C-alpha cells in the first residue's frame, strides 16, 4: 500500500476534522475556498504545500452555501484536483450520487463506504425490514402513506419517519390524526408518500459505532443522543455525549452481543467502514434498534481525542486501510463494550427561531481550540491537531457575515472533552456559556 497518498479533504467538514486529528501516514491536501474564514484558519497553522485553494462560484459567499455540483464544477474548471489521487468526502444521502458521478468522471478514487451500501442501510424502511428479517430487536412498525395516517394511526403514539432523512429531520412524533393533517397541510408529509411508522417506546436514546472491516468488527463505547423538542411534532438533534462505562456496565454484554451480530450481518452484505446505530434502551434494559447511519460522524473525531472509546485503536487509520484494500484485521477480544471514563460531547450550534424570521449572520468566530473557564470562553489556538486539555474544545463553522439561515440550521459545531449536557439530557452551564459566546447575530 502506498505510504504517502495525496488525499484531498474539505477542512471544515467532519472528514477534515477527523483527518487533522488522526491521519499521519497520508499527504493531506486541504481544498480551501480562497479569501474565506476557512482559508484564514488553515493558513494560520498548515504549511502552504498542504493547502489547495480554489475560488467559490460568484453566487456563494461560503462553502456552506455551495452545493456539491457547484464545487466540483469549480474544481474541474480551476484544476484544483490536479495531483490529488484520492478524495475523502463522506456526504449526506442527497449528495452521494453526485459525489460518485464526479469522482468517476475525474478519475479520482473516493475513500468512503460504497455509495449503494450507504443508501441501502440508511433507508429507514429497508433497514427496518432488514432488522425484522434477521430477528433483531426493534420497535413494532409498519409502512403507511400520509393519507392512511391522516385517517387512523396504527399505534396510540407513533414515530413517523421519511425513508431518507438526516439528523432527526423528517422524523415526527404524533398522538392524533389532527397532527398528521397539520403536517400534510404544511407539506412536511405528503399524502401519497410511504413512511416508516414505529410504535413509540419510552427509553434513553443511545448511539454506538461499529468499525466494520473485511475480517473483523469493533464496537465503540456508548453515547447518549441529545434532542430538543420543537413545533410541528419534531425533535431537533442537538448532539451527543459519551457515557462513562460504569453507568451501563450491567447492560454492556447484552448490548455488545446485539450490535456485534448486526455488524457481522453488515459485513456479510459487503459493507466496509463506520456504521453508526441509534437505539433505545427501555427501563427493563431491552434494546430496540431504530436506525443506521452508515457514514462518518462527529463521534469519529472523539475516537482521536480518546482512543479508549474504540478499544484503543487508531480508528480512522484502520478505516482508510480497509477501504484501500487491506483484508486482514484483528481487534481486541471482549464480551462487552470498551470501557472508558470519557464524557466528552459534540454540540450543534443551532439558529434559533426568531418570530419566523431567518437568522442573519452578523459575526463570524475563528475556528480552532477554545477554553471554557469560570463562565468565560477564550480563544487558544487555530491548530486543532494538538491534544485538548480538560477545559478545552474545538469550534468549527463555515458561515459568513451577511448570510441568512432558517431556524434550527446548524451554524457551527463544538467538539469537547468535557460534558455539555446534564444527566437529564438538557444543555448544561458550559453549553449555555458557549451558545452565548458564539451567537452569530
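Residue numbers (the working numbering): 15 to 455. Beta carbons: idealized from backbone N, C-alpha and C, even for Gly. Keep in mind it's a predicted model, so treat the numbers as computed, not measured.
If the criterion is Cβ atoms closer than 9 Å, does the pair residue i and residue j meet it?
i           : j           : result
residue 2   : residue 362 : One cannot answer for residue 2 here, as it falls past the ends of the chain, which runs 15 to 455.
residue 132 : residue 208 : no
residue 160 : residue 210 : no
residue 330 : residue 308 : no
residue 167 : residue 189 : yes
residue 60  : residue 44  : yes
residue 344 : residue 229 : yes
residue 249 : residue 153 : no
residue 274 : residue 299 : no
residue 294 : residue 222 : no
residue 279 : residue 148 : yes
residue 217 : residue 265 : no
residue 129 : residue 110 : yes
residue 232 : residue 327 : yes
residue 235 : residue 323 : yes
Leaving aside the five residues before and after residue i along the sequence, list all residues of the same chain whose C-beta is less than 6 Å from its C-beta, in chain order.
i           : result
residue 287 : 127
residue 112 : 82 and 83
residue 392 : 385
residue 438 : none
residue 124 : 101 and 117
residue 67  : 46 and 48
residue 341 : 228
residue 203 : 160 and 197
residue 396 : 55, 58, 59 and 382
residue 375 : 413, 415, 417 and 454
Along the chain, where does the alpha helix (DSSP H) that runs through residue i open and close?
i           : result
residue 55  : 51-57
residue 89  : 82-92
residue 116 : 110-119
residue 195 : 191-199
Between which two residues does the beta strand (DSSP E) carrying residue i extend?
i           : result
residue 213 : 208-213
residue 3   : In this structure the chain extends from 15 to 455, so residue 3 is not present and cannot be described.
residue 451 : Premise fails: residue 451 lies in the alpha helix (DSSP H), 443-451, not in any beta strand (DSSP E).
residue 185 : 185-188
residue 220 : 218-226
residue 66  : 65-68
residue 19  : Note, residue 19: premise wrong, no beta strand (DSSP E); not H, not E.
residue 240 : 237-243
residue 3   : In the structure as shown, the chain starts at 15 and stops at 455, and residue 3 therefore has no counterpart that could be examined.
residue 262 : Careful: residue 262 lies outside any beta strand (DSSP E) and carries neither H nor E.
residue 231 : 231-233
Within a Cβ cutoff of 7 Å, which residues of the same chain sit near residue i, ignoring the five residues on either side of it in sequence?
i           : result
residue 95  : 22, 89, 120 and 122
residue 353 : 259
residue 305 : 138, 141 and 292
residue 165 : 191
residue 105 : 82 and 113
residue 92  : 68 and 69
List the whole-angstrom C-beta distance separating residue i from residue j, where the pair is believed to meet the contact cut-off of C-beta under 8 Å.
i           : j           : result
residue 76  : residue 413 : 6 Å
residue 292 : residue 364 : Not quite, the Cβ-Cβ distance comes to about 19 Å (not below 8 Å), so this is no contact.
residue 422 : residue 244 : 7 Å
residue 317 : residue 256 : With 8 Å as the limit, residue 317 and residue 256 do not qualify as a contact, their Cβ atoms being about 10 Å apart.
residue 419 : residue 373 : 5 Å
residue 184 : residue 193 : The pair is not a contact, with the Cβ atoms about 15 Å apart (cut-off 8 Å).
residue 85  : residue 64  : Incorrect: roughly 19 Å between the Cβ atoms, too far for contact.
residue 262 : residue 301 : The pair is not a contact, with the Cβ atoms about 11 Å apart (cut-off 8 Å).
residue 219 : residue 238 : 7 Å
Ordered along the chain, which non-local residues of its own chain (more than five positions away) have a Cβ less than 8 Å from that of residue i?
i           : result
residue 453 : 377
residue 206 : 159, 160 and 161
residue 444 : 386, 430, 432, 433 and 434
residue 394 : 382, 383, 384, 385 and 406
residue 15  : For residue 15, the predicted structure reports a pLDDT of 38, less than 50, and the residue's modelled location is therefore unreliable. A value from the coordinates is still provided. Hits under 8 Å: 335, 338, 339 and 340.
residue 446 : none
residue 358 : 255, 256, 316, 319, 320, 429, 430, 431, 432 and 433
residue 285 : 127, 128, 131, 135, 226 and 308
Hey, is residue i's beta-carbon within less than 9 Å of any beta-carbon in chain D?
i           : result
residue 390 : The chain labelled as chain D is not found in the depicted structure, where only one protein chain is given.
**OP:** May I have a chain-ordered list of the beta strand (DSSP E) segments no shorter than 3 residues that lie completely inside the segment 278-339?
**Re:** At a cut-off of 3 residues, the continuous stretches assigned as beta strand (DSSP E) that sit fully inside the segment 278-339 are 287-295 and 301-307.
Original post:
If you scan the segment 136-183 from start to end, which runs of the alpha helix (DSSP H) of 4 or more residues do you find wholly inside it?
Top reply: Segments of the alpha helix (DSSP H) lying fully in the segment 136-183: 138-147 and 160-165.
**OP:** Output the residue ranges of the beta strand (DSSP E) runs that lie fully inside the segment 377-446 and measure 3 residues or longer, sorted by chain position.
**Re:** Complete beta strand (DSSP E) runs here, min 3: 382-387, 390-395, 406-410 and 424-430.
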